[in-house]
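Trainee: Taken in order, these protein sequences are the chains called A and B. The first sequence: position 79 = 79 (full-length UniProt numbering), numbered continuously. The second sequence: position 50 = 50 (full-length UniProt numbering), numbered continuously.
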Amino acid sequence: MTATRTALQTAPLLRLEGVTKVFGGATTALDGMSLAVRDGEFLSLLGPSGCGKSTALRLIAGLSQPTRGRIRWREGAEAALGVVFQEPTLAPWSTVFDNVWLPLRLRGVGRGVARAQVEESLASVGLEGFAKAYPRELSGGMKMRVSIARAMVTRPKLLLMDEPFAALDEITRFKLNDDVLALQARLGCTVVFVTHSVFESVFLSGRVVVMAARPGRVVEEIAVEAPARRDDAFRTAPEYAAQCRRVSDALKNAMAQA
Amino acid sequence: MSAPADIGRAAARSLPLDAEEAARARRARRERVGAVALPLLVVGGTILLWHWFVTAYAVPHYILPGPGRVVSQLVEDWDVLFGALLVTLKITLLALATAVLVGGGLAVLFSLSRWVEMSFFPYAVILQVTPIVSIAPLIFIYVESPTAGLLICAWIVAFFPILSNTTLGLRSVDHNLDDLFTIYGATRWQRLRHLQAPSALPYFLGGLRIAGGLSLIGAIVAEYVAGSTGTNGGLAFRILEASYRLNIPRMFAALLLIALAGVAIFAATALLQWLALRRWHESAVRRER
């Protein structure tokens, strides 16, 4: 009994096994991707456009099915999923509160019961006092915060983020990077983060999966060594620069192979 | 290069109102007043010109009555004409309500099943492109109650814009939001209620604005076709009747009521659209410039 439990705990949260995705019978978006996502880690998928990183994310989210290979979740972990898209993807007709309430509402949780959770989630991204605002009244960065609050309101085991900060200015992006790390540290969820920014991937993740295009595939996995607290000091530290160079070289190699 | 920038900064410091900003505010005020005053001026001018023409050339009232004569006729015939207006409005509003129910309902059905849409959408189009004047006589043969006949005619004209707009609206759902609903395992009903319906609302309201005017037109046209079969005559019936008696002032008075009813329906649908969309939709939100 004890042995099984340990085995369960050390088993990865989910595992991609030789996952291939072909679109329209012709375009291979992803070719034989194998990857284990471990509990509590921050994992980045890094690569140029067309490398299948977003496709991989959609497959994990269950939004499309692999053409070949399979995605295996650890038993009982499938349902707990939160997603943040490239755009904030808020319902313009709903207030901030109602937008964050949505995932709970779809599970049949009433407004009154959900209130505490929604408010806590909004507070965790620094948006107390904006519950009654409509999305169009918010800045791009604030909309993204609402989107993150919505993804976190169900307390997901796994958070999928698809280039969430690509459209934001650098100042806002740095702030949101810090906030996502803080949020993850507090809630202990696993994050799979898609990006095309070397600097962002190194700053955020424990592990960077470098991908190449045509066909989309994994070329290298790089573990990032970082201090326990990643902050502005880390952003300007020589270790950070060195690891960025390593990842950047790997990416350059990947592009040269393609 | 730096001189204009310096001037700009100086202007910004001399708040609250510098000369240019004040001029802009004056222009904005003039535009607001003009939006109301200009149409009123044009209407007033036209009425004056009409009055002058009729008196100056001594046009007999059975050819062209003056505006004063039309108004006095309206007052004189108020009981007959107001009753007729109520009859026409009843048909119009019932037709509009039915159009909303059937058009909206069909649109939802179409969005639920592509097969239903493929099967029935062509019929909706045929119904729409066939002129109502040509279908109406048949309808009045097969439908015994004249009121029901009028209602069917007005409904046929009014329902298509609601159907086609709402169908389009139910389909123009943001793809990422749609994915989000999939991820959270939304049921078909939840998707319709919380995603498709709000997405379709601006489209539906646009269709309603068109249908409001069309249902009045449909009701009037149907009354003309029905002719004397309508015992409780509406406004079109009164116009026909007055034309047989060469009562031209009464024709004008009835026409005036129809026009006013049309404007009232348009204003009501526009108000509804604004009320429903003002908080979130680009079409209704005022921008600060």
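Glycine included, each C-beta is placed from N, C-alpha and C at the ideal position.
Just the Cα atoms here: how many angstroms apart are residue 98 of chain A and residue 147 of chain A?
Mentor: When rounded, the distance between both Cα atoms is 12 Å.
Trainee: Are the beta-carbon atoms belonging to residue 136 of chain A and residue 280 of chain B less than 8 Å from one another?
Mentor: yes
Trainee: Under 8 Å between C-beta atoms, does residue 61 of chain A make it to chain B?
Mentor: yes
Trainee: In the DSSP assignment, the alpha helix (DSSP H) including residue 237 of chain B goes from what residue to what residue?
Mentor: 235-244
Trainee: At which residues does the alpha helix (DSSP H) containing residue 101 of chain A begin and terminate?
Mentor: Looking at the DSSP string, the run of the alpha helix (DSSP H) that includes residue 101 of chain A is 96-106.
Trainee: Start and end of the alpha helix (DSSP H) containing residue 91 of chain B?
Mentor: For residue 91 of chain B, the uninterrupted alpha helix (DSSP H) segment begins and ends at 78-112.
Trainee: Any contact of the stretch 271-280 of chain B with the stretch 104-119 of chain B, i.e. 3+ C-beta pairs under 8 Å?
Mentor: no
Trainee: Check residue 109 of chain A in the structure and name its three-state DSSP category.
Mentor: coil
Trainee: I think residue 181 of chain B touches residue 191 of chain B, with their Cβ atoms under 8 Å apart; what is that distance to the nearest whole Å?
Mentor: 5 Å between Cβ atoms; contact.
Trainee: Out of curiosity, what's the CA-to-CA distance linking residue 3 of chain B and residue 24 of chain B?
Mentor: Interpretation of residue 3 of chain B is limited by its pLDDT of 45, a score under 50 that renders its predicted location unreliable; the figure taken from the coordinates is listed afterwards. Distance between the alpha carbons of residue 3 of chain B and residue 24 of chain B is about 23 Å.
Trainee: Buried or exposed: which applies to residue 95 of chain A, given that a residue is buried once 16 or more other Cβ atoms fall within 10 Å of its Cβ?
Mentor: By the Cβ-count criterion, residue 95 of chain A is buried, with 16 or more other Cβ atoms from all chains shown falling within 10 Å of its own Cβ.
Trainee: Residues of chain A with CB under 7 Å from residue 280 of chain B, in chain order?
Mentor: 92, 93, 134 and 136
Trainee: Give the DSSP-derived three-state secondary structure of residue 163 of chain A in the structure shown.
Mentor: coil
Trainee: With 8 Å as the threshold, decide whether the Cβ of residue 268 of chain B is near any Cβ in chain A.
Mentor: no
Trainee: Determine, using beta carbons only, whether residue 14 of chain A comes closer than 8 Å to chain B.
Mentor: no
Trainee: Could you give the DSSP three-state label for residue 222 of chain A: helix, strand or coil?
Mentor: DSSP places residue 222 of chain A within a strand segment (E or B) once states are collapsed to three.
Trainee: Given residue 5 of chain A, which residues of its chain have a CB within under 6 Å of its CB, disregarding the five upstream and five downstream residues?
Mentor: At residue 5 of chain A, the pLDDT of 45 sits below 50, so the modelled position is not reliable and the matter cannot be decided from this model.
Trainee: Just to confirm, are residue 20 of chain A and residue 28 of chain A a CB contact at a threshold of 8 Å?
Mentor: In this structure, residue 20 of chain A sits near residue 28 of chain A, with a CB-CB distance shorter than 8 Å.
Trainee: Establish whether the CB of residue 182 of chain B and some CB of chain A are separated by less than 8 Å.
Mentor: yes
Trainee: Is the Cβ of residue 18 of chain B closer than 8 Å to any Cβ of chain A?
Mentor: no
Trainee: Return helix, strand or coil for residue 41 of chain B, following the three-state DSSP convention.
Mentor: Helix.
Trainee: Is the distance from the Cβ of residue 236 of chain B to the Cβ of residue 158 of chain B below 8 Å?
Mentor: no
Trainee: Kindly list, in the order they appear in chain A, the residues whose Cβ is closer than 7 Å to that of residue 186 of chain B.
Mentor: 106
Trainee: Alpha carbon to alpha carbon, what distance is there between residue 45 of chain A and residue 208 of chain A?
Mentor: 6 Å
Trainee: Do you know how far the Cα of residue 107 of chain A is from the Cα of residue 133 of chain A?
Mentor: 24 Å
Trainee: Are the Cβ atoms of residue 181 of chain A and residue 230 of chain A separated by less than 8 Å?
Mentor: One thing to note: residue 181 of chain A has its Cβ within 8 Å of the Cβ of residue 230 of chain A.
Trainee: Applying a beta-carbon distance threshold of less than 8 Å, which residues of chain B neighbour residue 89 of chain A?
Mentor: 174, 176, 177 and 180
Trainee: Are the Cβ atoms of residue 150 of chain A and residue 103 of chain A separated by less than 8 Å?
Mentor: Cβ distance < 8 Å, so residue 150 of chain A and residue 103 of chain A count as in contact.
Trainee: So, is residue 316 of chain B buried or exposed, given that buried needs 16 or more other C-beta atoms within 10 angstroms?
Mentor: Shown here, chain B extends from 1 to 289; a query on residue 316 of chain B therefore has no answer.
Trainee: Whose C-beta lies closer than 7 Å to the C-beta of residue 115 of chain A among residues of the same chain, with five residues either side of it excluded?
Mentor: none
Trainee: Can you list, in chain order, the residues of its chain with a C-beta nearer than 7 Å to that of residue 2 of chain A? Leave out the 5 residues immediately preceding and following it.
Mentor: In this predicted model, residue 2 of chain A has a pLDDT of only 40, less than 50, meaning its place in the structure is not dependable enough to derive any value.
Trainee: Would residue 170 of chain A and residue 86 of chain A qualify as a contact pair, given that the criterion is a beta-carbon distance under 8 Å?
Mentor: no
Trainee: Do you know offhand how far residue 68 of chain B's Cα is from residue 175 of chain B's?
Mentor: 59 Å
Trainee: I'd like the span of the beta strand (DSSP E) that includes residue 17 of chain A, first residue to last.
Mentor: 14-23
Trainee: Run down chain A in chain order and give the residues with a C-beta less than 9 Å from the C-beta of residue 116 of chain B.
Mentor: Chain A residues near residue 116 of chain B: none, gap ~26 Å exceeds 9 Å.
Trainee: Find the residues of chain B that neighbour residue 81 of chain A, judging by a C-beta separation of less than 8 Å, and give them in chain order.
Mentor: 183
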